[in-house]
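For reference, the structure is listed below as C-alpha cells.
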Amino acid sequence: MNVVITPAMIAQVVISGLLSGTLYAMVALGLALIFGVMRVINIAHGPMLMLGAYVTFFLYSAFGVNPYLTLPASMAVLFVLGMLLERTLVFRVVDAPELSSLLLTFGISIALVNLAQLAFTSDLRAVEFLTGSFVIGPVAVSKPRIVAFAFAAIITAAAFLFLRNTKLGKAIRATSQSRDVAMVCGINVGRIHLITFGFAAALAAAGGTLIAVIVAIQPEMGQIWTFKSFLVIVLGGAGNYPGALVGGMLLGLIEQLASLFLTTQLSEAVAYVLLVLVLLIRPTGILGGRST
Amino acid sequence: MSPARLFQGGLVVVAAALAVYPFFGTGYGVRALLQLFMWIALAGSWNLISGLTGYVSFGHVAFFGAGAYTAAILITNAGWSWPLACAAAGVAACGLALLIGYPCLRLKGPYFAIAMLGLNEVLRALVSYFEGLTGGGSGLSLPTLQASVPIYYVMGLCAAAVTALTYVIITSRFGLRLMTIREDEVAAEAMGIDTARHKLYAFLLSAVGPGIVGGLAARDQGYIEPISVFPLATTITMIVMVLFGGKGTVWGPVLGAVILFVSQEVVWARFPYVHQLLFGAIIVAVVLLMPRGVLGILQIKYRLPRTV
Amino acid sequence: MTFKVVGVFVAGIVVLATTAVVVDAQGPIRIGASMSLTGTYAKLGKNQHEGYKLCERDLNAKGGLLGRKVEMVVYDDQSMPATAVRLYEKLITEDKVDGIMGPYSSPVTEAAANVTEKYKKVMVSPLAATTSIFRKGRKYIFMVISPAEVYLEGLVDIAAKRGLKTVAIINEDTLFSKAAAAGATDLAKKKGLQVVFTEAYPKGNTDFSALLTKVKSLNPDVIAAGTYFDDAVALTRQMKELNVNPKMFGVTVGGDLPEFYDTLKQNAEYIYGSTQWEPSLPYPGNKEFFDSYKKEFGHEPSYHSAAGYAGCMIYAEGVKRAGSLDADKVRETLLKLDMKTMFGEYKVDQDGFQVAHKMVLFQWYEGKKLTVWPDELAAAKARFPTPPWNQR
C-alpha cells in the first residue's frame, strides 16, 4: 500500500509497544517464576488471566467498584486458586517428564475455559470505565493503556523487590537455582512451590484486571496470553527473571513494528521466527546467562 | 491356540471386515471409519518421534497442514490426480521435517516443544499471507469429486502402514537406539550412537504419515482453510491418544485412537456443552493416573512383550 | 472380541436402518442440520438454531407439512467444517432425514455442501453469504441472504453521494470477511471513491494499534471493516484510543447485535453497520416474528435468528408447493419461487444464488439502530458526518 511511514507513526507504535510490553512482562514474570522454580510450563497461565478479568468484571458490574480497586481482590482470588491447583494437581508432575506437565496444564486450561463458558456464557463482557486518549501532537496515548502501564510497572517493581529483599523471595530464587541445595539449607521446597504458583497466578490475575478495561472479556481471551508469555520468557531467557522485563518490552516492540512495516498478519510470524532463532542461537535468552 | 495366534487371527478378521465394510456400510460409517484411520495414522506417527525418542513434538499438526495444502494446491492449480498429489504431500511434509528437524532437534526438553509450537504458528501465518497460492484466509476449495470409498481404503492403508512401520522399528536395532536416546541421551552418545542422525531419521519418518493423511483429508473434505488444518487441538488430540493407549508401543496409538474417537463420536456428541470440559478432565486423569497408558499397564500386569 | 464389537456395530446399523424405513411412512417429517452450538461461531449459531426451533413450532401449530408433523434434528458441529461433513453424512445416510437445512457460516457450508450435493439433497442455506459457494455448479443449494460482497454497499453508496473521496478497507482474514472487503473495494471503485488502504488481520487479533496508525496517517474519509464481532468491538475502542476520526465508519457483522451497544455504550454512537434484517423493517409478519421470538427465548432475535426462521419457512413453502419431499421437485419449485417473508424477499437465479433480498445499513442513534439505507426502507437520514471522538 501507499503508506509513507513517518517518524510520528514510529513514535506512536513504539509507545503502544512499550505500554503493552510492560503488561506482557508482568504476566510473563508469573510464567517465568513457575518455570524457574518448578520446571513446569504452565499452559493454564492465560486462563488464569481470564479469570482475573472476570473477577474485575463482576465486582464492577454488580457493585460498581472502580475496576482498578479490584486489583487486590482479583489477585487474592487467583492466588488462592493457584495454590489450590498446585496442591491438588500440579505438584504431582513436578519431577515428571515435561510431556506430563505440558499436558496436565493443557488439560487444566481447557477445563478452566470451558467451566468459564458454562458459568459465565461466551457473551462478550466489557468494563467500560476509561476510554479515549491524551493527544500529544501527532501521537495519541491511550488512557486505559497508560494507567495499565503504570500499575503493571508498579506491580512488577514490587515483585522484583519482593524477590530480591524478602526472606521468602530469596527462598524462591534459591529454589529455582538449585532445589537440592535449597532443601539442604532448610527451605521447605514444597511450600515454596505452593507459594510460587499462587504468586504467579496472582500476577496473571493482575494482567486480567488491567486489560479488562482495554479489551472485551470472554472465556477464550486468555490462551493468547499463554503464547505471548512463552515468547517473552524465551526472548528474555527462561528462568531469568529480569529477562522477563526485557523480553516483554521486546515482544511489545516487535509486534507493533512488524505490524507497521509489514502487515498484522505477519507480525505473529515474525515473533515466532524470532522465538525459534533465539532458541537455536542463544537459548539463554537475549540477556544471556542465568542470573536471578 | 496361543494368545499370540488368537490376536493375529483377530487382526485378520478385523482387517477383512473393514475391507468389505464400504460394500455394506452407510456413507456415514465410511466417513467415520475414514476419520478413525486418520487419527490412528496421526497418533502412530507422533509416537514414532515422541514416544520412541522422548522428544515432544508440540506442533506435529504442522505436517498435517503442510500435506493438506500441498495436495490441495497440486489438485486445484496443477490438476494432479489425488493419489499422486497425496504422495507429493508426504514428500513435502518430509522435506519440511528435514528443514525444521535439522536445527531444532538440537533443542532439549521443553525448548524443543516450544520451538515446534512456534513453527506451526509460523507456518499458519505464512499460509495465510501467501494468498496467491493458498487462497489465504478464504481457504482453498477443491473441485467436487466423490471419492470417499477409494480414500477410505488409502487412509486405511496409511493407518496400517504406520502401525507396521512402528512394529518394524520397535523390533529393530534402530528402534532400540531411539529408545536409548529417550532413556538417556548422554549415555547413548557415549555408547557411540549418532544421536543427531537417529533423531532426524525418526523425525522424518514421523512426518510422512501426517503429510499423506493431511492430503487425503483435504481431498475428502473438499475445503480447507488455515485455521482448520493447523489447530493446536489436533496435536493435543494425537498426543492424548498415544498417551491413553500407551506411548512407545506398537498398538498403544491404535488403541488410544479407537477408544477416544469412538467415545467422542458416540458419547460426547450428545453433550455438546460439556464435551470439551470432559476432554480436559480426561487429559488430566490420563496424565495423573495412567501415564503409561492402557497398554503400559497391561504390559506390566501381564508381562506382555515390549513389541506389543 | 474386536470382531464381536464390529458385529454388534453392523447389526445395530442394520436394525436402525430398517426401523427408520418403517417409521418413515407415518412419522413426522424430519429435517436435519448441523449447527455451531459450540466453538468460534457458537454465539451466532445459537441464534440461527433458535430461528429453526421457532419455525418448527410455528409449522406444527399450523398443522405441520403435507399433513405430517415437523421435527428438527440438530447436531453440534463445533464450528468446524470437518465435523459438519461427517454430521451431514450421518443425517442423510443413518438418520435418513427427509429434509436438510444449512449450518452456520460460509466455511462450514462450503464443506457441508459437498455432502448434500453427493446425495442430491436440497439444502436451503440461510447463513452462507459467500458467492463462490453458489457458483461452483452445485444444483441443490439455495441462498437466502444477500451475498457478502454487497454488505458494505450502503456505506459506500452514502459516502459517494455525500461527496467523500477516500476509503480504507480492512478485514478479518476469513472467507466471509474477505469477500465482503473485496466486494466493498469493487463497489467503491465503481462509485468513484479512491481506495487508499487495504489490509487483512488474522482471526482473533486484538491489537489494532499499528494497523490503525497506518490508516490514520492516510486520513481516509471512510473506514469500512469486514468484521465478525469481537474485532468490531476492539476496532472501535482502539480507534478512539488512537483518535482516528473518519467521517464514516462501518462494519459488516457484529455491529448489529445488541451486545455491541451494551459493550461500547455511547462509543457505539454514529457507527454504521450492515445487516440483512432489522425488527423495524416493514416486511409481512415481521412484528409477529419479533414478538413471539422474544417471548419464546427471552431475548431479541438477531438477523441470524430471522434468516434461520425464514430459510426454514422457505424450504417448507417449497415442499408445500411441490406437494412432495422429492428433492428434484422441491428444487424446481424453489428455483421458481418468489416469496415475501418477514425477512424480506426471496428469489434465486439458476444457481440458487439470491438476487432479490435487500441489505440494509443502519446507524447507532441514541442507543437504537436506525435504518438509513436503502432510501425506500430508511427510517431516518444518516447523522453525517461523524464528529471527532472528543466532540461525541
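Protein chains in written order, with this note's numbering: chain A, 535 to 826; chain B, 3 to 310; chain C, 707 to 1098. Ideal placement from N, C-alpha and C gives every residue a C-beta, glycine not left out. As the structure is a computational prediction, the values presented were derived from the model and not from experiment.
- Using a Cβ-Cβ cut-off of 8 angstroms, T639(A) does not count as an interface residue toward chain C, since no Cβ of chain C sits closer than that to its own.
- In this structure, the alpha-carbon of A162(B) lies about 10 angstroms from that of G46(B).
- Rounded to whole angstroms, I876(C) and A1028(C) show a C-alpha spacing of 44 angstroms.
- For S634(A), the closest Cβ of chain B is nearer than 8 angstroms.
- Residue range 735 to 741 is occupied by the beta strand (DSSP E) that includes R736(C).
- Nearest Cα to L1041(C) within the set F1059(C), L1031(C), G1050(C), T1047(C): F1059(C).
- Against P631(A), the close residues of chain B are G56, V58, G111, P293, in the order they occur along the chain (beta-carbon pairs closer than 9 angstroms).
- By alpha-carbon distance to L664(A), the top candidate from K971(C), A1086(C), S852(C) is K971(C).
- Between the stretch 818 to 828 of chain C and the stretch 798 to 806 of chain C there are three or more C-beta pairs closer than 8 angstroms, enough to call the two in contact.
- Sequence-distant Cβ neighbours of P1091(C) in its own chain, meaning closer than 6 angstroms and more than five residues away, are K953.
- Using a C-beta cut-off of 8 angstroms, the stretch 762 to 773 of chain C makes no contact with the stretch 230 to 248 of chain B, since fewer than three inter-stretch Cβ pairs fall below that distance.
- If you draw a straight line from the Cα of A630(A) to the Cα of A562(A), it comes to about 23 angstroms.
- Taken atom to atom, the span from the alpha-carbon of F66(B) to that of L218(B) is near 10 angstroms.
- Secondary structure at E762(C): helix, using DSSP grouped into helix, strand and coil.
- Residues of the stretch 280 to 310 of chain B that bring their beta carbon within less than 7 angstroms of a beta carbon in chain A comprise F281, G282, A283, I285, V286, V289, L290, P293, in sequence order.
- CA-to-CA, the gap between S608(A) and P601(A) works out to about 10 angstroms.
- If you look at D937(C), you'll find it in the alpha helix (DSSP H) that goes 936 to 947.
- Interface with chain B (8 angstroms Cβ-Cβ cutoff): L649(A) is included.
- At a C-beta separation below 7 angstroms, K796(C) has these neighbours in chain B: Y30.
- By the neighbour-count criterion, in which a residue is buried when 16 or more other Cβ atoms sit within 10 angstroms of its Cβ, E994(C) is exposed.
- DSSP, read as helix, strand or coil, puts V928(C) in strand.
- Counting only residues of its own chain and dropping the five nearest sequence neighbours on each side, A578(A) has a CB closer than 7 angstroms to the CB of T639, I642, S643, L646.
- With fewer than 16 neighbouring CB atoms inside 10 Å of its own CB, I302(B) falls in the exposed class.
- Of the other Cβ atoms in all chains shown, 16 or more fall within 10 Å of the Cβ of F903(C); this residue is therefore buried.
- Excluding sequence positions up to five before and after R621(A), its CB lies within less than 7 angstroms of the CB of L728, all in the same chain and listed in chain order.
- Closest in C-alpha terms to A1085(C), from the list E1002(C), P988(C), D783(C), P853(C), comes P988(C).
- In the DSSP assignment, A906(C) forms a beta bridge with N877(C).
- Only residues of its own chain outside the window of five on either side were considered, and among them W270 have a CB closer than 7 angstroms to the CB of H277(B), listed in chain order.
- Around the beta carbon of F273(B), fewer than 16 other beta carbons lie within 10 angstroms, which makes this residue exposed.
- Apart from sequence neighbours up to five positions away, no residue of its chain approaches G27(B) with a beta-carbon distance below 7 angstroms.
- Around the beta-carbon of Q546(A), 16 or more other beta-carbon atoms lie within 10 Å, marking it buried.
- An exposed status is given to S174(B), since fewer than 16 other beta-carbon atoms sit within 10 Å of its beta-carbon.
- Bounds of any beta strand (DSSP E) do not take in S643(A); it lies within the alpha helix (DSSP H) bounded by 632 to 654.
- Taking a C-beta cut-off of 7 angstroms against chain B, the contacting residues of the stretch 811 to 833 of chain C are P813, E816, A817, N820, E823, K824, listed in chain order.
- Per DSSP, reduced to three states, the secondary structure at G570(A) is helical.
- Taking 8 angstroms as the Cβ-Cβ cut-off, the stretch 1023 to 1038 of chain C has no residue approaching chain B.
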